Ligand code: HEM
Ligand code: HEM
Ligand SMILES: [Fe+2]
Ligand SMILES: [Fe+2]
Ligand SMILES: [Fe+2]
Ligand SMILES: [Fe+2]
């Protein structure tokens, strides 16, 4: 009902990276268990060819292709451009709208993002929004709960039941002309930006056509793919969870180094519309640096950022949660409401009969075994037996440490009826004099 | 009154390391402010000569004294022995009674402890107990609040008003024959164990009388003194405070390395009767290792140890304190009890008049400025306006993150009379149907 205004996110036959023979009405292959006989039907052979087959052929071809220095430099540069196309473009601009970009920047990012060969902006963002909205559930397209390899490439090389993926609102993307154009012309974009353009640069630039094709084209695609796939695998598997540990996203420097700064992923899942992934200046987030630079140049604007107050609140809450877990594992003594209630007179009588009891803050403690161990000496602790020792214990004679308070609570045996304040007052009345605490 | 059974801890004329001309009845020099004319009267020249003068002479003499390899080894060994005399003997055995020792071990520790030239067991332990009981106050004999140099050697090279030092119970030490004997024969013990014995070993052993005297005697005394003084200075100045940060004691590896393991000083002040200072096996505490070894050999027994439950409680409490401090610095939104109370009908009417209000968990929030920024899209957040959006916000449509809850609380503008549960019930009654939450 709430989602009725959205277009259906069910698979349509026009999706790239999806088998055109797929018919949403027939039972899907993923509804059949995998067996020795049908396993090859579960594999998405087209994706497997793109993600694993072509790079293999590239590796073999590289054996006969000498790597020129200029081509190497160009490969690294184009690796960063196409990587940024995914991280700054597909991810932070379109999937999360964490900032706005002018048309030239949009076109640049749509182009180099296409050169990374990871699907159209529209297809990628839809899956990514489902990943955020349904993280770690069956509706998460690359849930790490299905295994690290599954979240890395398994979800692409094995066939998916498109009905399984959670629905998300992509109406804004459907209204975006650059996104729609790139989606419609996806195959052309991929061929040109993925292979032809890098080959042209190296060929026209310094005559290394073959090197440009193999290194800046095929092998560069392989490395960019593997690096950005790490956001789905490594970033949900390795590192700390300073903001929320209910789900799998984690922060780690290594993931950040591999993914152009997308490695502070626990932060990112908590604050997905922040244009930053790293919030400290010393953390590695070249995607953030690029967006900030484009903003300086007037190419990007409206950079969204959570206030540090909100971020610190998340951190404090997660720390509190951890601390509460630690606390609940410890023995804090018998809870007060489970102790028997004793009359003050009974307490005094029991001590007169030789029991080593001492009342502190309205609670009776059995210190018999502790008297000879007391670091303050036997005499002092004995001087509290049968009395209200609250004041002496809390500074009147000696201001005991937290450790002493904790130790005391393990010796609880009862509560005085009316608590200690009441008793002090009663005795003061009885002895007809003012209440006074000795302060050293 | 409580302390009346203790012997007075005021200075007596028989104390070693104290000017025999001192008369407790006359006004003390420390009651007079230091001026350019009387400063030399404030200096304790005897202590200065022992702590600074003699080592200087030793350094000069070392210039003409070649250091033999065997003497060097012996110096290091004797450094550790006399150091352990202070840490395992004076400190953990006598001052804190953290374990018991058989007579042979007591005699060994009283002897080598004397060789460190830091006063008698009785004098040292009394000051140390005052240091624990009155840490960081004027009654603390070596309070770091008076400066790092003061806590290191200032308290010895400057005259002290003995009346200032806090009183402590040393009746157990007065009953201890080894302690009393060492105190009475202190000068003899110091001369023999500090200088004569190390000289004899090197002289009779390998003929290096002069080297034994200068290196294993004088200079070794200097190093042991400076090292153990670091417990009073460095251990109250450098490092972390995992158990209690109200006072100055701190934990640091460097201090531990310098002081034979006394560097986990925050722990030690919290659990002074524990025979360990380091509780982890990988921390450096050779004093603990020695005591444990003596216990294996039957020389030590009754090693006292706090249960790890008690230790962890202290750690959790300190972490909680830090967290509460962080929490109190953040803005958690207007507290509920400071918000105006609104009728449900008023809330609905205001939204009908165009205000962007949404009620979640009985609290009205103004989300007007947030609608177009909402990461879940305008449509969804708008669908909550003028309604009770508690269930949709908490999982009915989308299970929002902690960050979203925190953000929401900054937008509070009022509370619904009766709270949300009451209103849900009222409406259910009105509409004559069961209450149901949509669960995805
Ligand atoms: C009732 C149970 C008591 C417990 C569990 C207890 C525990 C402790 C502990 C653990 C210490 C070591 C220092 C510290 O951790 O703060 C200590 C020291 C001390 N306690 Fe108690 N105590 C008790 C009662 C008393 C009473 C009734 C008095 C005095 C009337 C007293 C006087 C002292 C003094 C003077 C010290 C300081 C010892 C020193 O460092 O010289 N204690 N106590
Ligand atoms: C009332 C104030 C609201 C605030 C402050 C708020 C805040 C947020 C925030 C910060 C997110 C980002 C993800 C996260 O941090 O969990 C988010 C996502 C979302 N919100 Fe809200 N929200 C509000 C109301 C609503 C309402 C009323 C609905 C639905 C009726 C809704 C539906 C969603 C959905 C579906 C998402 C997921 C977006 C995606 O990742 O695709 N929100 N909201
Ligand atoms: Fe993720
Ligand atoms: Fe994301
Ligand atoms: Fe200390
Ligand atoms: Fe101590």
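Residue numbers (this note's numbering), protein chains in the order written: chain A, 738 to 1177; chain B, 738 to 1177. Idealized CB from N, CA, C, for every residue including glycine. Source: prediction; values computed, not measured.
Cβ distance (whole Å) where residue i is taken to contact residue j below 8 Å
i	j	result
residue 1113/B	residue 1104/B	Incorrect: roughly 12 Å between the Cβ atoms, too far for contact.
residue 1153/B	residue 1101/B	6 Å
residue 831/A	residue 917/A	So it is not a contact: roughly 12 Å between Cβ atoms.
residue 965/B	residue 855/B	7 Å
residue 850/A	residue 858/A	7 Å
residue 1047/A	residue 1073/B	About 19 Å; that fails the 8 Å criterion.
residue 842/B	residue 1069/B	In fact, because the Cβ distance is near 58 Å, the residues do not count as touching under 8 Å.
residue 1023/B	residue 833/B	17 Å between Cβ atoms; not a contact.
Three-state class that DSSP yields for residue i in the structure shown
i	result
residue 1138/B	coil
residue 738/A	Because the pLDDT at residue 738/A is just 29, under 50, the model does not fix this residue reliably, and the point stays unresolved.
residue 968/B	coil
residue 1129/B	helix
residue 1065/B	helix
residue 1146/B	helix
residue 771/B	coil
residue 881/A	helix
residue 1102/B	strand
residue 804/A	coil
residue 1071/A	coil
residue 811/B	helix
residue 1095/A	strand
residue 835/A	coil
residue 886/B	helix
residue 854/B	coil
residue 875/B	coil
residue 993/A	helix
residue 977/A	strand
residue 1037/B	strand
Assigned exposure category for residue i - 16 Cβ within 10 Å defines buried
i	result
residue 1089/A	exposed
residue 1148/A	buried
residue 806/A	exposed
residue 1086/A	exposed
residue 803/B	exposed
residue 794/A	exposed
residue 1004/A	buried
residue 1039/B	exposed
residue 1014/A	buried
residue 900/B	exposed
residue 870/B	buried
residue 713/B	Residue coverage of chain B in this structure runs from 738 to 1177, which leaves residue 713/B outside it and unanswerable.
Residue i - containing alpha helix (DSSP H), residue span
i	result
residue 1149/A	Premise fails: residue 1149/A lies in the beta strand (DSSP E), 1149–1153, not in any alpha helix (DSSP H).
residue 1212/A	With chain A covering only 738 through 1177, there is no way to say anything about residue 1212/A.
residue 1083/B	1081–1089
residue 988/A	It is not in any alpha helix (DSSP H) - residue 988/A carries neither H nor E in the DSSP assignment.
residue 1005/B	1002–1007
residue 909/A	908–911
residue 1029/A	1023–1033
residue 779/B	776–779
residue 938/A	934–943
residue 1117/B	1115–1119
residue 783/B	782–785
residue 864/A	858–870
The beta strand (DSSP E) enclosing residue i, as first and last residue numbers
i	result
residue 846/B	No beta strand (DSSP E) holds residue 846/B; the alpha helix (DSSP H) holding it covers 840–851.
residue 825/A	Counting along the chain, residue 825/A falls outside any beta strand (DSSP E), and DSSP gives it neither H nor E.
Option nearest residue i by Cα separation, candidates the options
i	options	result
residue 1021/A	1000/A, 1028/A and 1012/A	1000/A
residue 906/A	782/B, 1115/B, 1149/B and 953/B	1115/B
residue 956/B	919/B, 936/B and 942/B	936/B
residue 963/B	984/B, 823/B, 1127/B and 1110/B	823/B
residue 969/A	818/A, 1078/A and 865/A	865/A
residue 982/A	1150/A, 1052/A, 797/A and 828/A	1052/A
residue 1106/A	1091/A, 1097/A, 1098/A and 1099/A	1091/A
residue 930/B	827/B, 1063/B, 796/B and 819/B	819/B
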